[in-house]
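Just so it is clear: in the sequence shown, position 4 is 800 by this note's numbering, and no numbers are missing. Encoded as structure tokens, the structure appears first; notes follow it.
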Amino acid sequence: IPNFIGGAIPRSDKGDQAAYCMTMLTLFKPWRSPADLKDSVSTWDQSFKEHKFTARQNKLIKNFDVRYECNDARDDHFAQMKK
Numbered sequence: 797i798p799n800f801i802g803g804a805i806p807r808s809d810k811g812d813q814a815a816y817c818m819t820m821l822t823l824f825k826p827w828r829s830p831a832d833l834k835d836s837v838s839t840w841d842q843s844f845k846e847h848k849f850t851a852r853q854n855k856l857i858k859n860f861d862v863r864y865e866c867n868d869a870r871d872d873h874f875a876q877m878k879k
């Protein structure tokens with residue numbers, strides 16, 4: 797699982813869906829200008845759904861989710877231990 801340095805990658809299941817879609821497109825869709833990522837009339841969600849990610853890219857995206865699931869399980873475990 798890649799471990800990015802800096803701010804957290806947005807979650808697919810919580811928070812700002814547009815920020816999540818924008819981040820995934822920025823990471824995995826070839827681009828030179830913002831217009832390559834999304835046209836002016838589409839939403840980030842529409843552009844994300846329309847883009848054809850490779851199998852490898854989809855695997856990496858799912859791994860981001862797995863990491864958050866593991867963090868959630870860890871946090872739940874520690875919360876139970878404090879009770």
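Beta carbons: idealized from backbone N, C-alpha and C, even for Gly.
Quick one: give me the first and last residue of the alpha helix (DSSP H) that residue i is part of.
i: Asp868; result: 851-878
i: Phe827; result: The amino acid occupying residue 827 in the given sequence is Trp; Phe does not appear at that position. Taken as a continuous stretch (DSSP letters only), Trp827 belongs to no alpha helix (DSSP H), as it is neither H nor E.
i: Lys810; result: Unbroken run through Lys810: none, as it is neither H nor E.
i: Ser843; result: 840-846
What does the alpha-carbon distance come out to for the pair residue i and residue j?
i: Met820; j: Arg870; result: 25 Å
i: Arg828; j: Thr822; result: 10 Å
i: Pro830; j: Ala815; result: 14 Å
i: Ser836; j: Lys858; result: 28 Å
For residue i, which residues from the same chain have a beta carbon less than 8 Å from its beta carbon, with the 5 sequence-adjacent residues on both sides left out?
i: Asp846; result: Reading off the sequence, residue 846 comes out as Glu, not Asp. Hits under 8 Å: Ser838.
i: Lys878; result: none
i: Asp809; result: Asp861, Tyr864
Whole-angstrom Cβ separation of residue i and residue j, contact assumed at under 8 Å?
i: Gln813; j: Asp841; result: 6 Å
Who are the near neighbours of residue i in its chain, counting only those whose CB is closer than 7 Å to its CB and skipping five residues on each side?
i: Phe824; result: Phe849, Gln853
i: Leu833; result: Leu821, Thr822, Lys825, Trp827, Ser843
Do residue j and residue i count as a contact pair if the criterion is CB distance below 8 Å?
i: Cys817; j: Ser843; result: yes
i: Ile801; j: Phe860; result: no
Note down, in chain order, each residue of its chain lying with its Cβ closer than 6 Å to the Cβ of residue i, except the 5 sequence neighbours on either side.
i: Tyr864; result: Arg807
Taking 7 Å as the cut-off, does the CB of residue i come closer than this to any heavy atom belonging to the ligand NAD?
i: Asp835; result: Judged by which ligands are present, the structure shown has none, so any question about the ligand NAD falls away.
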